[in-house]
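Single-structure report; data block below.
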Amino acid sequence: MLNALSKKTLDFYKRTGYYAPVRVITLQEASSYRQQLEAYEQLSGAPLQGRMRVKSHLLFTWADSLVHHPKILNAVEDIIGPNILCWTSNFFIKEPMSPGFVSWHQDAAYWGLEPDDVVTAWVALTDSNLQSGCMKVMPGTHLESHITHIDTFDENNMLTRGQEIAVEVDESKAANLMLEPGEMSLHHIKLVHGSAPNNSLNRRIGFAIRYIPTHVRQTKQRDSAMLCRGVDLDGNFDLEPRPLKDMDAAAVAAHADAVDRKVAVLLDGATKKTLRA
Ligand SMILES: O=C(O)CCC(=O)C(=O)O
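Listed below in structure tokens is the structure:
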């Protein structure tokens, strides 16, 4: 029994490694999430950056509510089953007319998660289109083996290590995942994907939520995650608390611990210690 996706949609996801668009919140709700993000940015005097972009749902109740949104979880459950952890979330924010881009990569290359039953729900809080640098994906590449990556540490690359796949990509075969505010795309951990710079006059804000079933393991070190639906019978991750109030002391401490672990996983074996997405 499927909750949210049709059989046809699920078959498409299994065949291609992605699906888009899925409307999960209204335009007004997307604008309200954006306002809450920007209210914090105004208060702190700068765009959300560095560690704050990672696992923001441990710090902000509004981000936590998105991670637990039933429409998102219903679709995710159709793909990975009923016992769902959020491993992490990442804000991918491209400022207007800015050079930041995401090189072609497979998420699986650095995340240390096994098996590959991992899905990202990428929720657009603004328009994400060709001009603003929407995500583009190479359909079917999630069925290939893990591809070798090289670390470029390019300063405009939004990925932690500037990692990119070490093989040519035939961009003519790419699919552009254009989204309106409040829509999401879904993609598999092994799908090759990337995105170009934002050449529009507006911000491009995406909130990428990484969900795993509880049977997935972290192979690099003891890691943490948040139970979002169902039960955790596996105990493979230390369970993270939901924030009770934005940025309260308990939330800040839980976030610091969780991001330390995440950074250690992502930078395992890297020659430079940087943190971006
Ligand atoms: O937001 C982007 O342009 C890229 C996102 C991405 O690489 C991801 O969600 O895995």
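If you count the sequence shown from 1, you need to add 759 to reach the working numbering. Ideal placement from N, C-alpha and C gives every residue a C-beta, glycine not left out. Bear in mind that the values here come from a model prediction, so they are computed numbers and not experimental data.
The beta-carbon separation of residue 966 and residue 844, rounded to 17 Å, does not stay under the 8 Å limit for a contact. Ligand 1 approaches residue 965 closely enough that one of its heavy atoms is under 6 Å from the residue's Cβ. Exposed is the label assigned to residue 765, since fewer than 16 other Cβ atoms lie within 10 Å of its Cβ. DSSP places residue 922 inside the beta strand (DSSP E), whose first and last residues are 922-924.
Distance between residue 890 and residue 999, taken at the CA atoms: about 37 Å. For the pair residue 950 and residue 809, the CB atoms are not nearer than the 7 Å cut-off. Not one heavy atom of ligand 1 falls within 6 Å of the beta-carbon of residue 857. Taking one beta carbon from each stretch, the region 780-789 and the region 985-995 have fewer than 3 pairs nearer than 8 Å; the two do not touch. By the beta-carbon neighbour count (other beta carbons within 10 angstroms, threshold 16), residue 838 is buried. Going by C-alpha positions, residue 978 is about 10 Å away from residue 995. In this structure residue 892 is buried. Its beta-carbon is surrounded by 16 or more other beta-carbon atoms within 10 angstroms. In this structure residue 943 touches residue 831 by the C-beta definition: roughly 7 Å separates them, less than 8 Å.
Residue side-chain check: residue 821 keeps its Cβ at 6 Å or more from all non-hydrogen atoms of ligand 1. For residue 943, the three-state secondary structure derived from DSSP is strand. For residue 861, the shortest C-beta to heavy atom distance toward ligand 1 is below 6 Å. In the three-state reduction of the DSSP assignment, residue 997 falls in the strand class. Sequence-distant Cβ neighbours of residue 853 in its own chain, meaning closer than 6 Å and more than five residues away, are 859, 892, 957 and 963. Nearest in C-alpha terms to residue 1020, of all of 813, 768 and 945, is 813.
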